[in-house]
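Participant: Sending over a structure as structure tokens; questions will come in a sec.
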Amino acid sequence: MSIRIQNWGRSLDFTASQVLYPTTEEEVLRILSNATYNHKTVRTIGSGHSWTGLIATPDMLVSLDHWQGIISVDAQKNWVEVKSGTKLLKLGNDLWNLGLAMENLGDIDVQSIAGALNTGTHGTGKHFGTLATQIISITIALPTGELVEVSETNNRDLFKAAQISLGALGIITRYKLKVVKAFKLEYTSKLGKVRDAIDNFDKYNNEYRNYEFYWFPYTEEVQLKLVSETIKPIQDGGFMRDFDDIVIENMGYKLLSEWSRTHPKFYKPFSKFSARGVPKGTWRNYSNKIFATKRWVRFKEMEYNVPRPRFEECIQEIMDTIHRRDFRVHMPLEIRYVKSDDIMISPANGRDAVYMAVHQYLGMDYEEYFKTIESIFWKYEGRPHFGKMNTMTKDQFLQVHPNWQKFSNIQRECDPKGIMLNDYLKSIL
Ligand SMILES: Cc1cc2nc3c(=O)[nH]c(=O)nc-3n(C[C@H](O)[C@H](O)[C@H](O)COP(=O)(O)OP(=O)(O)OC[C@H]3O[C@@H](n4cnc5c(N)ncnc54)[C@H](O)[C@@H]3O)c2cc1C
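Heads up, the sequence shown is in this note's numbering, so the first residue is 74 and it goes up one at a time.
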């Protein structure tokens with residue numbers, strides 16, 4: 074039976090002829106061999122939280138939702154082996170029960186671990202790379218019919234390609250991940266000035282484990298998010314924190330955004346108003362509770378990183394351009410720091426990177442806004458987040474990613490019949 078699929082950000086709307094929920098690795102291999110035999114395209118879906126065309130297929134869509142949980146653990150050596158469909162929320166809770174945690178995370182926990190790793194999902198902090206840097210080994214079902222385990226010491230090229238692989242090499246079934254002992258974080262959110270947030274970018278990154286800021290267009294204001302490790306007791310704000318989170322940050326923001334969508338003239342006051350409404354306070358809790366936020370207001374998002382030394386110039390040009398072009402936008406820009414890595418097509422490959430994300434409320438025009446900001450990113454050697462909206466072509470990927478051709482070659486070796494490639498992937502690989 075055909076099934077209509079839409080992603081979270083409503084940038085994809087397609088019909089797959091079959092959605093399959095394997096419960097064993099043998100079933101995963103059978104799906105791949107069926108697809109090869111019948112010349113069908115197979116794509117794997119995590120939680121559908123990417124905006125780019127990665128999961129679209131007219132044929133077989135594979136969900137690992139029935140393949141979740143921790144398989145084995147060594148709490149002394151700090152690793153776990155986990156099923157690839159495990160959602161980050163479940164993984165965080167299961168690790169916590171074992172006295173363990175992931176060292177860093179992004180700002181939501183609804184993705185599957187494979188979905189998050191495959192697009193280079195990241196958090197913030199100068200000592201932390203993308204989440205894929207936490208991988209020790211990967212087990213992958215290849216379209217050629219093998220189930221292989223790869224690591225730094227075992228088939229290194231395939232390992233480096235599979236760490237961030239856009240789901241293009243095969244279906245990943247297991248990850249062995251580096252973890253750390255469970256730890257608490259102290260999180261302070263406050264209103265600050267954009268000049269301070271930029272000029273003292275290194276200072277904040279040195280002082281805090283995880284530093285990020287949101288800049289509100291048409292204002293001088295930012296929300297500063299400052300996070301440090303702590304051994305102090307939990308202080309989660311109880312009911313009032315939940316009330317703030319659900320009612321003010323999500324329901325209130327949704328109302329304001331709807332108002333902005335239907336009242337074209339008010340985007341500037343709304344941006345100012347949003348800045349004034351940022352949560353102010355300090356909270357302490359276990360790391361997985363602090364990293365994850367609720368996102369009930371839907372939006373379109375584009376995110377690029379630029380090399381650390383080019384950050385100040387790039388953000389200044391973006392801010393000046395938004396003001397000069399007077400784009401109708403009330404949603405903030407998010408700025409984060411990610412440490413360099415050696416993953417084959419990681420956006421942070423070979424360079425410490427500053428990620429900058431622009432957002433537009435669903436239903437409001439984003440094309441001209443994103444196109445203009447994207448061309449600024451390109452001037453500063455920008456590389457896009459693979460899960461977020463971008464218009465990069467194969468030639469452009471070849472220019473900014475030194476290993477793009479090598480990755481494409483490995484893709485062809487793993488998948489000689491091209492069953493993992495949909496139209497989007499064919500266009501960029
Ligand atoms: C509200 C919101 C907040 C976000 N916050 C952040 C953030 O803080 N930091 C950040 O970096 N990103 C963030 N993102 C982006 C998000 O983390 C990525 O787009 C991520 O890939 C989504 O995970 P998913 O499970 O939904 O995967 P999907 O979008 O469903 O799939 C992503 C890719 O993974 C592949 N895949 C999934 N499972 C497998 C498997 N078993 N084997 C092989 N390939 C597989 C898919 O084929 C696809 O190529 C956010 C997105 C949203 C909507």
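Heads up, the beta-carbon is just placed ideally off N, CA and C, and yes, glycines get one too.
If I measure Cβ to Cβ from Ile271 and keep anything under 7 Å in the same chain, skipping five residues before and after, which residues do I get?
Facilitator: Excluding positions up to five away in sequence, the list reads Glu385 and Ile388.
Participant: Whose CA, out of Gly460, Arg371 and Asn273, lies closest to the CA of Trp81?
Facilitator: It is Arg371 whose Cα lies nearest to the Cα of Trp81.
Participant: At a threshold of 7 Å, does Trp81 count as lining ligand 1 (C-beta to nearest heavy atom)?
Facilitator: True, at least one ligand heavy atom lies under 7 Å from that Cβ.
Participant: Run through DSSP, which three-state label would Ser120 get?
Facilitator: In this structure, Ser120 counts as coil in the three-state DSSP scheme.
Participant: Taking the alpha-carbon of Asn177 as reference, which of Tyr410, Thr466, Lys452 and Met437 has the nearest alpha-carbon?
Facilitator: Nearest of Tyr410, Thr466, Lys452 and Met437 to Asn177, Cα basis: Tyr410.
Participant: Would you check if there are 3 or more beta carbon pairs closer than 8 Å linking the region 239 to 259 to the region 153 to 167?
Facilitator: Counting Cβ pairs under 8 Å, three or more are found: they touch.
Participant: Along the chain, where does the beta strand (DSSP E) that runs through Ile143 open and close?
Facilitator: Per DSSP, Ile143 belongs to the beta strand (DSSP E) from Ile143 to Asp147.
Participant: Ser90 by DSSP, collapsed to three states: which one?
Facilitator: Reduced to three states, the DSSP call for Ser90 is coil.
Participant: Mapping the DSSP letters down to three states, classify Lys412 as helix, strand or coil.
Facilitator: If DSSP states are grouped into helix, strand and coil, Lys412 belongs with coil.
Participant: In the DSSP output, which residue or residues are listed as bridge partners for His432?
Facilitator: Paired residue(s): Glu374.
Participant: For the putative contact between Ala89 and Ile104, defined by C-beta atoms under 8 Å, what is the C-beta separation to the nearest angstrom?
Facilitator: With a Cβ gap of about 13 Å, Ala89 and Ile104 do not count as contacting.
Participant: Between the C-alpha atoms of Ser360 and Ala174, what's the straight-line distance to the nearest angstrom?
Facilitator: Taking the straight line from one Cα to the other gives about 7 Å.
Participant: Taking Cβ positions, are Tyr40 and Leu406 nearer each other than 8 Å?
Facilitator: The shown model of the chain, from 74 to 502, leaves out residue 40, and the question about it has no answer.
Participant: Helix, strand or coil, according to DSSP, for Tyr110 in the structure here?
Facilitator: Three-state result, Tyr110: helix.
Participant: For Ile307, which residues in the same chain have their Cβ closer than 6 Å to its Cβ, ignoring the five residues on either side in sequence?
Facilitator: Around Ile307: Arg357 and Asn358.
Participant: If you reduce the DSSP assignment to three classes, tell me which class Phe339 lands in.
Facilitator: In this structure, Phe339 counts as helix in the three-state DSSP scheme.
Participant: Assuming Tyr277 and Thr197 are in contact, meaning their beta carbons sit under 8 Å apart, how far apart are those beta carbons, in whole angstroms?
Facilitator: With a Cβ gap of about 10 Å, Tyr277 and Thr197 do not count as contacting.
Participant: Thinking Ile501 and Leu231 are a contact (beta carbons under 8 Å), I'd like their distance in whole angstroms, please.
Facilitator: Their Cβ separation, rounded to whole angstroms, is 20 Å, which puts Ile501 and Leu231 out of contact at 8 Å.
Participant: According to the neighbour-count rule (16 or more other Cβ atoms, all chains shown, within 10 Å of its Cβ), is Lys353 buried or exposed?
Facilitator: Burial call: exposed.
Participant: Are the beta-carbon atoms belonging to Ile209 and Ser224 less than 8 Å from one another?
Facilitator: For Ile209 and Ser224, yes; Cβs fall inside 8 Å.
Participant: Kindly give me the distance between the Cβ atoms of Glu376 and Ala430, rounded to whole angstroms, as I take these residues to be in contact under 8 Å.
Facilitator: Contact holds; Cβ gap of about 4 Å.
Participant: The beta strand (DSSP E) with Trp152 in it runs from where to where?
Facilitator: Segment Trp152 to Lys156, the beta strand (DSSP E) holding Trp152.
Participant: Please return the same chain residues whose Cβ sits closer than 8 Å to the Cβ of His139, not counting the five positions on each side in sequence.
Facilitator: Cβ within range, chain order: Tyr94, Pro95, Thr96 and Gly158.
Participant: Give me the Cα-Cα distance between Asp414 and Lys233, rounded to the nearest whole angstrom.
Facilitator: Taking the straight line from one Cα to the other gives about 11 Å.
Participant: Pull the bridge partners of Gln79 from the DSSP assignment, please.
Facilitator: DSSP output for Gln79 lists Asp86 as bridge partner(s).
Participant: Given the structure, does Gln149 come close to ligand 1, in the sense that its CB is under 7 Å from one of the ligand's heavy atoms?
Facilitator: It does not: the Cβ of Gln149 is nowhere closer than 7 Å to a heavy atom of ligand 1.
Participant: Under the criterion of a Cβ to heavy atom distance below 7 Å, does Thr194 qualify as lining ligand 1?
Facilitator: Under cutoff, so the answer is yes.
Participant: Go through its chain and collect everything with a Cβ distance to Met66's Cβ below 6 Å, but skip five positions before and after it.
Facilitator: Lying outside 74 to 502, the shown extent of the chain, residue 66 is not represented and no answer is given.
Participant: In angstroms, rounded to a whole number, what distance separates the CA positions of Ser347 and Lys373?
Facilitator: So the two alpha carbons sit approximately 18 Å from each other.
Participant: At which residue ranges does the region 246 to 318 contain complete beta strand (DSSP E) runs of 3 or more residues, listed in the order of the chain?
Facilitator: For the region 246 to 318, whole beta strand (DSSP E) runs of length 3 or above, ordered along the chain, are 257 to 266, 283 to 288 and 294 to 303.
Participant: Can you give, in chain order, each stretch of the beta strand (DSSP E) that sits fully within the region 425 to 473 and has at least 3 residues?
Facilitator: With a minimum length of 3 residues, the continuous beta strand (DSSP E) runs that stay inside the region 425 to 473 are 426 to 434.
Participant: Considering only residues of the same chain and omitting the five flanking positions on each side of Asp309, which have a CB-CB separation below 8 Å?
Facilitator: Counting only Cβ-Cβ distances below 8 Å, and skipping sequence neighbours, we find Trp356, Arg357, Asn358 and Lys362.
Participant: I need the straight-line Cα distance from Val183 to Asn166, nearest angstrom please.
Facilitator: Going from the Cα of Val183 to the Cα of Asn166 covers about 12 Å.
Participant: Can you give the Cα-Cα distance for Ile395 and Ser419, rounded to whole angstroms?
Facilitator: Spanning the two alpha carbons is a distance of roughly 28 Å.
Participant: In chain order, what residues of the same chain have a beta carbon less than 6 Å from the beta carbon of Arg456, not counting five sequence neighbours either side?
Facilitator: Result list for Arg456: Asn378, Pro420 and Val473, in chain order.
Participant: Distance check for Asp147 and Lys305, CA to CA, integer angstroms please.
Facilitator: Those two C-alpha atoms are separated by around 27 Å.
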